[in-house]
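The listed protein sequences correspond, in order, to chains S and P. 178 is the number that the numbering used here gives the last residue of the first sequence; the numbers go up by one with no jumps. 1314 is the number that the numbering used here gives the last residue of the second sequence; the numbers go up by one with no jumps. We put the beta carbon where it would ideally sit given N, CA and C, even for glycine.
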Amino acid sequence: MSLRHALLAAALLLPALLLQNVLLWRLPLPGATPDPLLLVMMGLAVVWGPREGALLGFLSGLALDLVSPGDGPVGQWALIFCLAGWVAGLAADAVERSALVVLLLVAGVAAGAVVAYALVGGFLSDPRVSWEALRSVLPWAVAYDVLLTPFVVPPVIALARRVDPRERRYSVPLGVSR
Amino acid sequence: MRDSRRTRVVLALLLLASVTLIMLDARSSSGPAAWLRSTAQSIWAPVQTAFSGVVGPVVEFFDGLGDDEQARLDELERENAELRAQLRTSELARNRAAELDALLRVAGAGQYRTVPAQVIAVGPAQGFASTATIDAGEIDGLRPEMTVLNGDGLVGRVKSVTQTTALVVLLKDATSSVGARLEGSMDLGILTGDGTDTLALRVLDPQVTIAADDRVVTFGSSGGSPYVPGVPIGAVSRVESTPGQLVRLATVDPYVDFNALDLVGVVVEAPREDPRDSVLPPKPAPSPAPAPEPAPAPAATPTPSPVAFRGSRG
């Protein structure tokens, strides 16, 4: 991952985490919390490919584990976001072809993330995970993320493309300023 | 796919790292994972606190949305009257002061020694837990298993602390279980959360008569930990008919609005005596007809009266 990528990722992911932790839970939304961190991470992953997607997913999931007031073990979100970033990266070529793919991708990953979290929680015998809890969270989580996608993912994709000049040989390497 | 082999190696390593972390954290509460969490929180908490302060006015706006319409109307009327009387006070500062007032009233009535704290973050529902971070920690005298309350009633309990922050498990969380007592009696029950905005009350004596609007306070754990006695929890909204069962079931609406948490108090010292029902506000009139308050006479003194403040954050 280049320095430009790292800087842009930090500049987009940290505010998303802040927004999610501090503001979004206060909205009187039933069921679930919108997940801008996941969306921003996926937007970067569909441009930068599966390897950086997995890495960014791991890092943002780890950040969520460490600073968000969840009660799960450290590493649970890291595991799930890592897989989500990888999947988003794999879908990069399809996303180029149609915008609808992004929506499908987000819906699939959002649902997959909730189910995977429940599965890992169930595996660790988390008393909060139950069929009812899953059923009440899942549709809302998917709906909020899909609704939020048009406002978050296209700008993130545009930014991620801009920071990454297509013709690398014309770009001046970072740090060599003249 | 560009060098997919390297990608697979990276993915495998990252997944392995995640699973290792999960195992480390699940096995002990004081390992490298806990240290990592504590360090990260001490760095991140000031940022969150600052951001919380900035978005305060935005939050004030959103807090009002989504309430029941009639309740909203009543609230607006009351709020209107209040605002007319205090035009010049800034809304935000006034709300903060009112919350502090209410917290002080509760703490005073129950003889609880509390440390005030601000809720700075709440976890996503996708994690299935209802938990919040507050901006007070070990250096403020907080320890795990302390009661958290606000001016409306019981909020939850402290689960773990770092130097400057603490994790609060909210009352509505599915792992919350509180010994409760019906107002004016010694009838005990157990309140459990299930992640939704209502609580389930199981009263242990099947002969007890429960009615809607019966109020419920904490019974108090032994040694006042995790729950001190006498903290208002909520009012019964529905009683299930459970003929032939060993317990009576009821649904309780908590007094605390978990979507609008702001200022809370952590009870660092339990009262010497059980405050019984004294912390509950005076019982409201049977029919809460919103009698128009007598128009505020041209007051000679502009000091706002410290009236009991319930749920009228706007």
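> Nearest to residue 61 of chain S by alpha carbon, out of S/13, S/88, S/26 and S/97?
Replying inline: S/13
> Looking at chain P, which residues of the segment 33-54 of chain S have a Cβ within less than 7 Å of any of its Cβ atoms?
Replying inline: 33, 35, 49, 50, 51 and 54
> By Cβ distance below 8 Å, which residues in the same chain neighbour residue 1146 of chain P in space, the five residues on each side in sequence not counted?
Replying inline: 1157, 1158, 1225, 1226, 1266, 1267 and 1268
> What did DSSP end up calling residue 1261 of chain P once you bin it into helix, strand or coil?
Replying inline: coil
>> Rounded to the nearest angstrom, what separates residue 46 of chain S and residue 22 of chain S at their Cα positions?
In response: 27 Å
> If you run the structure through DSSP and keep just helix, strand and coil, what is residue 102 of chain S?
Replying inline: helix
> Taking buried to mean at least 16 other C-beta atoms within 10 Å of its own C-beta, is residue 1184 of chain P buried or exposed?
Replying inline: exposed
> In terms of residues, what are the limits of the alpha helix (DSSP H) holding residue 85 of chain S?
Replying inline: 76-90
> the segment 1119-1138 of chain P: which residues have C-beta closer than 8 Å to a C-beta of chain S, in chain order?
Replying inline: 1120, 1121, 1122, 1123, 1124, 1125, 1126, 1127, 1128, 1129, 1131, 1132 and 1133
>> Let's see if you can read the secondary structure: which residues bound the alpha helix (DSSP H) around residue 1204 of chain P?
In response: Neither: residue 1204 of chain P is in no alpha helix (DSSP H) and is coded neither H nor E.
> Could you give the C-beta distance for residue 1255 of chain P and residue 1234 of chain P, rounded to a whole number, given that I count them as a contact under 8 Å?
Replying inline: 5 Å
> How many Å lie between residue 1197 of chain P and residue 1252 of chain P at the Cα?
Replying inline: 9 Å
> Shortest alpha-carbon distance to residue 114 of chain S belongs to which of S/5, S/158, S/137 and S/105?
Replying inline: S/137
> What span of residues does the beta strand (DSSP E) with residue 1248 of chain P cover, start to end?
Replying inline: 1248-1254
>> Report the start-end ranges of each beta strand (DSSP E) in the segment 1139-1209 of chain P that is 3 residues or longer and not cut off at the edges.
In response: 1147-1149, 1154-1161, 1166-1170, 1177-1182, 1188-1193 and 1199-1203
>> Measuring only the C-alpha atoms, how far is residue 1205 of chain P from residue 1128 of chain P?
In response: 32 Å
> On the premise that residue 1010 of chain P lies in contact with residue 55 of chain S, defined as a C-beta separation below 8 Å, what is that separation, rounded to the nearest angstrom?
Replying inline: 7 Å
> Name the chain A residues that come within less than 9 Å of residue 121 of chain S, Cβ to Cβ?
Replying inline: Absent here is chain A; the protein component of the structure consists of chains S and P.
> Taking residue 1106 of chain P as the reference, which of P/1232, P/1133, P/1270 and P/1166 has the closest Cα?
Replying inline: P/1232
>> Give me the chain P residues within the contact set of residue 86 of chain S, using Cβ-Cβ distance strictly less than 7 Å, ordered along the chain.
In response: 1011
> Can you tell which of P/1081, P/1154, P/1181 and P/1012 has its C-alpha closest to the C-alpha of residue 1250 of chain P?
Replying inline: P/1181
> When the distance is taken between beta carbons, is residue 1131 of chain P closer than 8 Å to residue 1353 of chain P?
Replying inline: Since the first residue shown for chain P is 1001 and the last is 1314, residue 1353 of chain P is missing from the structure and cannot be characterised.
>> Just to confirm my understanding: we take residue 111 of chain S, look at its own chain, exclude 5 residues before and 5 after, and list those with CB closer than 8 Å. What are they?
In response: 138, 141 and 142
> What's the call for residue 1073 of chain P, buried or exposed, on a 16-neighbour Cβ count within 10 Å?
Replying inline: exposed
>> Measuring straight from C-alpha to C-alpha, what distance separates residue 17 of chain S and residue 1115 of chain P?
In response: 28 Å
>> Let me check one thing: in DSSP terms, what residues is residue 1122 of chain P bridge-paired to?
In response: P/1132
> What's the gap between the Cα of residue 81 of chain S and the Cα of residue 1097 of chain P?
Replying inline: 41 Å
>> My output table needs one value for residue 1267 of chain P: the three-state DSSP class, helix, strand or coil.
In response: strand
> Where are the alpha helix (DSSP H) runs, 4 residues long or more, that stay fully inside the segment 31-57 of chain S, in chain order?
Replying inline: none
>> Can you check whether the C-beta of residue 1195 of chain P is within less than 8 Å of a C-beta belonging to chain S?
In response: yes
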